[in-house]
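So the sequence shown is numbered by this note's numbering: it starts at 1 and just counts up by one.
Accompanying notes for the structure given below.
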Amino acid sequence: GTACEDKFRVDVKAKVRRIRLVELTLGKGYCGFGEISLVGHASPWHPMISGALPSAGGGAAGSMGYTSPSGWTISSDVQTYNNGNLYWLSNVIDGSDPCQPSTCSERDTRHGPTANAYWLAATGSCAGSSWLEVKMDAARYIDHVVLQPFYRLDSTLKHFRVLADDADVTPAGFDDQLATYFAGTSGEWPPASPVGTACEDKFRVDVKAKVRRIRLVELTLGKGYCGFGEISLVGHASPWHPMISGALPSAGGGAAGSMGYTSPSGWTISSDVQTYNNGNLYWLSNVIDGSDPCQPSTCSERDTRHGPTANAYWLAATGSCAGSSWLEVKMDAARYIDHVVLQPFYRLDSTLKHFRVLADDADVT
């Protein structure tokens, strides 16, 4: 039934070290818990690699699109401005940064390296209906997008919205933030590196979803020429996966009378109440070792008196779970956890009627 078909998914979406179930309150029978699985990534977020490089790109004068060697596309509904080898579309996804001239292309040196750090649209663009889009070769989980709207000192944008696939992720009050951003940026002409807001405060726009496309829509010119600096997608190419605690059904701990267990990987599972005393059943490690009573083959065989599923859960000493008890999983280090999968089921004669879920100190119940 439900215990096997509909486990609880609790969103965390933060870098945390500890998941704690608090206020454990018994419904009937004995106090205990089945499984706590933390799902996320061990490595930090990183910018996705588009395949476009300052030394090799495309989307030159008159173009409306470019496809990188990695299959990413950068496109617009308006053509690229015609001025030699400047202003290519690929500049938007190649990692070039006018604040760091050494990152910029040298394909056209007439106006210095920073003139190769941005895209410029044909005259008359950005009247409110223009768009600029980055499309990856495949959908990936994107945590956030870093935008550098700055492109040249004589030009500004006063409005655009940010879409992640079809979802509008534009921050609240974004037009005012844009105005402050451009007003706080200065520099010298001919183009040198800008100073101020454009280098100090790039825009971070949360996405936190698996998407393929980031599109800037309703591009509206403030003054000068229409263009854009850089769009960087930050996330993970690989999907979420359960974190490995180091506890195994074949080797664990937190036996009768224990209040804690540390796995070989440095994870701890602990409680403020002792483990129930009944041979080698009910160990704390059962909560983080991947054992699942819905799949008996995943369960320990350390105590076979009541079948494998009796080795799939933790049971607390009699009298526990009166509303103040807790059960905690603590990793060896903080990691980005997208969500936690909870299997509160432990035995057929027992239930819990209440608990809250804390991710570090944040209530994510």
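Built from N, CA and C at the ideal position, the CB exists for glycine as well.
Short Cβ contact (8 angstroms threshold) for PRO264 with GLY246: Position 264 of the sequence shown holds residue 264. Position 246 of the sequence shown holds residue 246. It is a contact, given that the beta carbons lie within the stated cut-off.
Between the CA atoms of ILE337 and ALA359 - distance to the nearest angstrom: By one-based count along the sequence shown, residue 359 stands at place 359. By one-based count along the sequence shown, residue 337 stands at place 337. Spanning the two alpha carbons is a distance of roughly 9 angstroms.
Helix, strand or coil at VAL287 [DSSP, three-state]: Here residue 287 refers to the residue found at position 287 of the sequence shown. DSSP places VAL287 in helix when its eight states are reduced to three.
Spatial neighbours of PHE8 in its chain, beta-carbon cut-off 6 angstroms, leaving aside the 5 residues before and after: In the sequence shown, counting from the first residue as 1, residue 8 sits at position 8. Excluding sequence neighbours, PHE8 sits near LEU342.
Under 8 angstroms between C-beta atoms of TYR181 and ASP201: Against the sequence shown, residue 181 aligns to sequence position 181. Against the sequence shown, residue 201 aligns to sequence position 201. Contact: yes.
Of the listed residues MET48, VAL205 and LEU147, nearest to ALA138 (C-alpha basis): Here residue 138 is taken as the residue at index 138 of the sequence shown, counted from 1. The shortest C-alpha to C-alpha distance from ALA138 to any of MET48, VAL205 and LEU147 is the one to MET48.
Residue interval of the beta strand (DSSP E) (run including PHE203): If you number the sequence shown from 1, residue 203 lands on position 203. Note, PHE203: beta strand (DSSP E), 203-223.
Reduced DSSP secondary structure (H/G/I, E/B, other) of SER238: For the purposes of this step, residue 238 is taken as the residue at position 238 of the sequence shown. Taken through DSSP and simplified to helix, strand or coil, SER238 comes out as coil.
Nonlocal neighbours in the same chain, by C-beta distance under 8 angstroms from VAL195, ignoring five residues either side: Counting from 1 along the sequence shown, the entry for residue 195 is found at position 195. Closer than 8 angstroms at the Cβ level, and outside the excluded window around VAL195, lie THR185, SER186 and GLY187.
heavy atom of the ligand ADP below 7 angstroms from GLY57 C-beta: Annotation note on the ligand ADP: not contained in the displayed structure, which lists no ligands.
Inter-stretch contact at 8 angstroms, needing at least 3 Cβ pairs: the stretch 144-162 / the stretch 222-232: With a cut-off of 8 angstroms on Cβ pairs, the stretch 144-162 is in contact with the stretch 222-232, counting three or more such pairs.
Rounded straight-line distance, which links the Cα of VAL217 to that of LEU132: Taking the first residue of the sequence shown as 1, we reach residue 132 at position 132. Taking the first residue of the sequence shown as 1, we reach residue 217 at position 217. Taking the straight line joining both Cα atoms gives about 7 angstroms.
ARG401 to GLY65 span [Cα, whole Å]: Because the chain spans 1 through 365 in this model, residue 401 falls outside it and cannot be assessed.
Cβ-based neighbour list, ALA117, same chain, cut-off 7 angstroms, excluding 5 preceding and 5 following: Counting from 1 along the sequence shown, the entry for residue 117 is found at position 117. Once the five neighbours on either side are set aside, the close Cβ partners of ALA117 are ASN91, SER96, ASP97, PRO98, CYS104 and GLY229.
GLN177, DSSP secondary structure in three states: Your numbering for residue 177 matches position 177 in the sequence shown. If DSSP states are grouped into helix, strand and coil, GLN177 belongs with the helices.
THR298, DSSP secondary structure in three states: In the sequence shown, counting from the first residue as 1, residue 298 sits at position 298. When DSSP states are grouped into helix, strand and coil, THR298 belongs to the helix group.
Beta-bridge partners of LYS28, as assigned by DSSP: Locating residue 28 in the sequence shown gives position 28, counting from the first residue. Looking at the DSSP output, LYS28 bridges to THR351.
Exposed unless 16 or more other CB atoms sit within 10 angstroms - verdict on ARG215: Numbered from 1 along the sequence shown, position 215 holds the residue referred to as residue 215. Counting Cβ neighbours within 10 Å, ARG215 comes out buried, since at least 16 surround it.
Own chain, CB closer than 6 angstroms to SER37, minus 5 neighbours either side, in chain order: Working through the sequence shown from its first residue, we reach residue 37 at position 37. A distance below 6 angstroms between beta-carbons, with the five flanking residues on each side excluded, links SER37 to the following residues of its chain, in chain order: PRO242 and VAL341.
ASN82 classed as buried or exposed, judged by whether at least 16 other C-beta atoms fall within 10 angstroms: On the sequence shown, position 82 is the one that residue 82 refers to. Here ASN82 is exposed: its Cβ has fewer than 16 other Cβ atoms, across all protein chains shown, within 10 Å.
Endpoints, alpha helix (DSSP H) assigned at GLU200: Numbered from 1 along the sequence shown, position 200 holds the residue referred to as residue 200. Going by DSSP, GLU200 is part of the alpha helix (DSSP H) stretching over 197-200.
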